[in-house]
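Each residue of the sequence shown is one higher than the one before, counting from 1 in UniProt numbering. Every residue, glycine too, gets a C-beta built ideally from N, C-alpha and C. Inspection log for the structure reproduced underneath, given as structure tokens.
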Amino acid sequence: MKPTHVNDQVDTIGDDALRGEQLVLRYEQRLVVDGMDVAIPTGRVTVIVGPNACGKSTLLRALSRLLLPESGRVLLHGRDLHQLPTREVARRLGLLPQSSIAPPGICVADLVARGRIPHQSLLRQWTDADEAAVRQALADTRLEAIAERPMNELSGGQRQRVWLAMALAQQTPVLLLDEPTTYLDIAHQLEVLELCRHLNRKGGRTLVMVLHDLNQAARYADHLIAMRAGAVVAMGPPHEVLTPPLIKQVFGINALVIPDPVSATPLVVPIGATTERDPIML
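Here is the structure:
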């Protein structure tokens, strides 16, 4: 099976948790994405890779409804994302952005509890199920010991884990994570990625992540999307996408690709940069 390239047709709507059709996206009036088709398969871990400022985060903002496409549409399980009620979207689609600002003085547990807001209403206040969801999110991210500490006393890595816990407490079937390993040391990076894989394998969640580390992407992704200069270059399983020619095309480097001795997934070994560089997108 060959990876899907930019001019090929993406999968049918019925197989996709999220789908972008002919997306035209702008960032601060600059055209970033022009006519993109992209598919996020249901029940799998999708990782988006590409060089800095190629449009990865802009695409994720569009898929999460934070950015309205200039044209085209985003479908969530076959329904137009921008036609759905906000509360319904929040119950079905979670987002961990690159950076967030916590309210002054708020403690870890109270911030994580805000992930349950989409499940509240005038007729449904805080329940045992909400409490259990928060406790589980704190446990999954190993934050129980600091649950009562103020956010402003935490390290960058700890704060990142709190935001992840809030997204987990939301308990959405689809979760988007923009560089979730930012600010984390290597041990905590692997912990977060293992947790994401666990949520997918045991809970059936659809996960979409933006990652910079190609070898982490290859190890944890079921479905890989490679972007360059605001366009999708290829989509498919990591071993079909991460080939030396594509790595050169997308990242401007020469590389060997060998089997990882631990996971048997593709292991990218850079040889050196080429002279071909793309213009910077946002």
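Beta-ladder partner(s) of residue i, from DSSP
i, result
"N254", "G272"
"V49", "A226"
"L75", "R19, D80"
"L31", "R26"
"P85", "Note: P85 sits in no beta bridge, so no partner."
"A39", "R19"
"A231", "R228"
Candidates the options: closest to residue i by CA position
i, options, result
"T86", "I271, A132, R65, P69", "R65"
"A133", "M166, S155, R161, G157", "M166"
"V108", "L81, H82, I117, E153", "E153"
"R228", "G252, R219, M209, Y220", "G252"
"R30", "A53, S263, E21, R44", "A53"
"L214", "P266, E21, L176", "P266"
"H119", "G94, V49, P104", "G94"
"P51", "P261, V233, I258, V269", "V233"
"H223", "D15, G35, D34, I40", "I40"
"E191", "Q158, Q171, T172, G204", "Q158"
"P259", "I48, E240, D130, E21", "E240"
"I48", "H212, Q171, A187", "H212"
"G20", "G43, L81, R44, M151", "L81"
"G43", "A273, D128, N200, T274", "N200"
"T274", "P261, A255, V268", "A255"
"Q216", "T243, V268, R205", "V268"
"I101", "M151, I247, A218, M235", "M151"
"P261", "R219, L242, L184", "R219"
"A139", "I117, L164, T127, S121", "L164"
"T46", "G78, E179, H188", "E179"
"E88", "G156, T127, R197, T172", "T172"
"K248", "I186, G272, D15", "G272"
"I106", "A147, V74, L84, R79", "A147"
DSSP state of residue i mapped onto helix, strand, coil
i, result
"L224", "strand"
"G262", "Here the sequence assigns Val to residue 262, which means Gly is not the residue at that position. Here V262 sits in coil by DSSP."
"P237", "coil"
"G204", "coil"
"P244", "helix"
"R26", "strand"
"L177", "strand"
"L168", "helix"
"T182", "coil"
"L211", "coil"
"L267", "strand"
"K2", "Because the pLDDT of K2 is 45, which lies under 50, any placement of that residue in the model is unreliable, and the number read from its coordinates should be weighed accordingly. Coil at K2, not helix or strand."
"L68", "coil"
"C196", "helix"
"R44", "coil"
"Q9", "Confidence at Q9 is low in this model, with a pLDDT of 36, below 50, so its placement is unreliable and the value that follows should be read with caution. DSSP places Q9 in coil when its eight states are reduced to three."
Assumed close pair residue i, residue j - CB separation to whole angstroms, cut-off 8 Å
i, j, result
"L18", "L63", "5 Å"
"V24", "S71", "4 Å"
"R114", "T141", "In fact, because the Cβ distance is near 15 Å, the residues do not count as touching under 8 Å."
"A221", "P238", "5 Å"
"A226", "V208", "Wrong, their Cβ atoms sit about 14 Å apart, outside the cutoff."
"L60", "V210", "6 Å"
"R92", "V38", "About 18 Å; that fails the 8 Å criterion."
"Q125", "T182", "34 Å between Cβ atoms; not a contact."
"G204", "G55", "That pair is no contact at about 29 Å."
"L111", "L177", "Not quite, the Cβ-Cβ distance comes to about 17 Å (not below 8 Å), so this is no contact."
"L168", "A137", "4 Å"
"D130", "R116", "4 Å"
Counting only runs that start and end within the segment 91-166, where is the alpha helix (DSSP H) found for 4 or more residues in a row? Whole alpha helix (DSSP H) segments, 4+ residues: 108-113, 128-140.
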